[in-house]
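K.L.:
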Amino acid sequence: MKFQSKAVHAGDRKNPGSQIPVTTPIYTATSYFYDDIETVDKVFAHEIPGFAYSRYHNPTNEALEEQITALEGGAGTLATASGMAGIQIAVQSALTDRRKCILASNALYGASISLLHMVLEPFGIDINYVDISNTEATLQKIEKLQPGCVLMESISNPLLRVGEIDKIAEATKKVGGSLIVDNTFATPLLLRPLELGANIVVHSGTKFMSGHGDMLGGFVTCDTEHLDPVRTLSRVYGPVLGPFSAYLAMRGIKTFPLRMERQCQNAATVFEALKNHPRIGKVYYTGDPAHPDAAVINRLIPGELKGAMLSFEVKDAGREEIFAFLNRLEMIVAATSLGDVHTMTLYPAMSSHREVSPKQRERMGITDSLVRLSVGIEAVEDILDDLNQALQ
Ligand SMILES: *Cc1c(COP(=O)(O)O)cnc(C)c1O
Numbered sequence: 156m157k158f159q160s161k162a163v164h165a166g167d168r169k170n171p172g173s174q175i176p177v178t179t180p181i182y183t184a185t186s187y188f189y190d191d192i193e194t195v196d197k198v199f200a201h202e203i204p205g206f207a208y209s210r211y212h213n214p215t216n217e218a219l220e221e222q223i224t225a226l227e228g229g230a231g232t233l234a235t236a237s238g239m240a241g242i243q244i245a246v247q248s249a250l251t252d253r254r255k256c257i258l259a260s261n262a263l264y265g266a267s268i269s270l271l272h273m274v275l276e277p278f279g280i281d282i283n284y285v286d287i288s289n290t291e292a293t294l295q296k297i298e299k300l301q302p303g304c305v306l307m308e309s310i311s312n313p314l315l316r317v318g319e320i321d322k323i324a325e326a327t328k329k330v331g332g333s334l335i336v337d338n339t340f341a342t343p344l345l346l347r348p349l350e351l352g353a354n355i356v357v358h359s360g361t362k363f364m365s366g367h368g369d370m371l372g373g374f375v376t377c378d379t380e381h382l383d384p385v386r387t388l389s390r391v392y393g394p395v396l397g398p399f400s401a402y403l404a405m406r407g408i409k410t411f412p413l414r415m416e417r418q419c420q421n422a423a424t425v426f427e428a429l430k431n432h433p434r435i436g437k438v439y440y441t442g443d444p445a446h447p448d449a450a451v452i453n454r455l456i457p458g459e460l461k462g463a464m465l466s467f468e469v470k471d472a473g474r475e476e477i478f479a480f481l482n483r484l485e486m487i488v489a490a491t492s493l494g495d496v497h498t499m500t501l502y503p504a505m506s507s508h509r510e511v512s513p514k515q516r517e518r519m520g521i522t523d524s525l526v527r528l529s530v531g532i533e534a535v536e537d538i539l540d541d542l543n544q545a546l547q
């Protein structure tokens with residue numbers, strides 16, 4: 156089946172019986188019993204398949220997990236209560252029997268950096284950073300540090316840099332480590348890191364995959380080796396997604412390929428308009444032929460769809476002018492998050508990079524005039540009209 160068909164069909168209609176619901180219902184039961192206690196014993200012993208307790212397995216979650224595995228590849232998926240819970244499980248499962256050393260991209264999502272420093276470092280895990288879009292520097296550092304795990308994003312936030320996942324995966328494997336890729340920005344429609352040699356893919360399912368701004372969740376999809384540690388950690392921690400959210404995610408994902416196609420097409424049009432706009436300075440976009448990683452992008456994301464995220468600088472604008480611009484927007488939503496059906500803006504200096512000092516932000520290229528745009532599925536004319544009127 157093609158990607159679009161898998162998104163619609165995978166996971167559903169699993170329960171045998173004469174009346175088969177066309178979509179998977181929301182199973183709210185926390186526990187399950189059987190005709191006799193011997194069967195319960197066999198289920199607990201994993202001798203026969205079956206559900207016992209919702210922290211271990213839930214039919215709604217299982218359908219969603221199957222749907223995601225069908226799209227992302229790999230051996231299986233765990234649905235978690237948030238993207239962050241998914242990243243923590245991924246890192247801990249990767250480091251279970253490996254050197255307690257992480258090499259991370261220096262352009263990670265803010266909460267991922269906090270997770271490394273506030274949660275993992277105090278447990279004695281050594282944290283190191285590298286510019287992941289510099290392949291040579293990354294490969295050298297992998298060889299020198301021999302990290303137990305490498306953590307990167309397929310497309311970084313908010314400057315949209317792309318690293319050579321396949322080469323990084325190969326180098327990581329050579330030193331006995333495992334590669335975790337946060338694929339939230341690229342999504343499996345554009346890029347499937349497991350096919351490029353990554354060991355674990357994590358998602359903020361909250362974003363493009365679910366896509367409607369109505370559920371918080373994470374997905375951890377991994378190879379055979381990591382599936383068992385991921386599931387074991389989850390059974391003990393219990394960071395599982397609730398069945399109502401699992402249902403919303405599954406419903407959202409059925410239209411994800413359609414939405415993503417439209418969002419990417421709209422983003423390409425918005426890029427052309429912003430590039431030539433007199434009030435706009437630098438524009439960051441993965442479909443820009445002049446992108447610093449264009450060769451890598453065209454190799455790893457060869458299709459026409461290049462992503463639905465853009466960042467841009469408003470000329471001669473500081474915090475005050477950006478606030479005025481955001482306040483003038485009428486349709487576009489100025490709220491944290493991304494990937495939703497509605498177009499959204501975010502001001503990194505105020506939100507995702509608020510904790511970073513202004514000097515450090517400037518060095519990273521995240522200036523006070525930078526705005527991030529997540530392009531939605533609206534008519535592109537309306538997105539452009541709103542941007543134009545707000546830019547004045
Ligand atoms: C939002 C986001 C996360 C965190 O996901 P939550 O669902 O908010 O916990 C992690 N990585 C990236 C790239 C994100 O955009």
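Residues in the sequence shown are numbered from 156 upward in steps of one, following the working numbering. Even glycine gets a Cβ: it sits at the ideal position worked out from N, Cα and C. Just so it is clear, the structure is predicted and the values come from calculations on it, not from any experiment.
1. Rounded to a whole number of angstroms, what is the C-alpha to C-alpha distance between Thr-215 and Asp-369?
2. Buried or exposed: Lys-296, going by 16 or more other Cβ atoms within 10 Å of its Cβ?
3. Say whether the region 331-346 touches the region 185-199, bearing in mind that this needs 3 or more beta-carbon pairs closer than 8 Å, one atom from each stretch.
4. For Ile-282, which residues of its own chain have a beta-carbon under 6 Å away from its beta-carbon, when the five flanking residues on both sides are left out?
5. Inspect the CB distances between the region 386-400 and the region 492-511 and report whether three or more fall short of 8 Å.
6. Can you list, in chain order, the residues of its chain whose CB lies under 8 Å from that of Val-163, leaving out five sequence neighbours each side?
7. Express the C-alpha separation of Val-496 and Leu-413 in angstroms, rounding to a whole number.
8. For Ile-532 and Leu-460, I'd like the C-alpha separation in whole angstroms.
9. Consult DSSP for Ser-389 and reduce its assignment to one of helix, strand or coil.
10. According to DSSP, is Asn-283 helix, strand or coil?
11. Please say whether Pro-503 and Arg-483 have beta carbons closer to each other than 8 Å?
12. Measure the Cβ-Cβ separation of Gly-318 and Ile-287 and say whether it is below 8 Å.
13. Once you ignore the five residues that flank Lys-437 on each side, which residues in its own chain have a CB closer than 6 Å to its CB?
14. Could you check the C-alpha separation between Lys-328 and Ile-538 for me, to the nearest Å?
15. Between which residues of its own chain and Asn-170 is the CB-CB distance below 8 Å, once the five residues before and five after are set aside?
16. May I have the straight-line CA-CA distance separating Pro-204 from Asn-431, to the nearest angstrom?
17. Using the three-state DSSP reduction, which class does Val-469 fall into: helix, strand or coil?
18. Look at the alpha carbon of Ala-218 and the alpha carbon of Tyr-182, and state the distance between them as a whole number of angstroms.
19. To the nearest angstrom, report how far apart Ala-236 and Gly-366 are at their CA atoms.
20. From the DSSP output, in three-state form, read off Thr-342 for me.
21. Closer than 6 Å by C-beta to Thr-379: which residues in its own chain qualify, once you throw out the five before and the five after it? Chain order, please.
22. What number of angstroms, rounded off, separates the C-alpha of Ile-477 from the C-alpha of Leu-263?
23. Span of the beta strand (DSSP E) holding Met-405?
24. State the beta-bridge partners of Tyr-208 as determined by DSSP.
P.N.:
This is what the structure holds:
1. 17 Å
2. buried
3. No, the region 331-346 is not in contact with the region 185-199.
4. Excluding positions up to five away in sequence, the list reads Ile-257, Leu-271 and Glu-276.
5. no
6. The beta carbon of Val-163 sits closer than 8 Å to those of Lys-409, all from its chain and outside the five residues before and after it, given in chain order.
7. 11 Å
8. Roughly 14 Å separates the two Cα atoms.
9. helix
10. Asn-283 falls in the strand class under three-state DSSP.
11. no
12. yes
13. Result list for Lys-437: Glu-468, in chain order.
14. 44 Å
15. Pro-176 and Pro-214
16. 59 Å
17. strand
18. 11 Å
19. 16 Å
20. Reduced to three states, the DSSP call for Thr-342 is helix.
21. Ala-230
22. 24 Å
23. Per DSSP, Met-405 belongs to no beta strand (DSSP E); it is in the alpha helix (DSSP H), 398-409.
24. The bridge partners DSSP lists for Tyr-208 are Ser-186.
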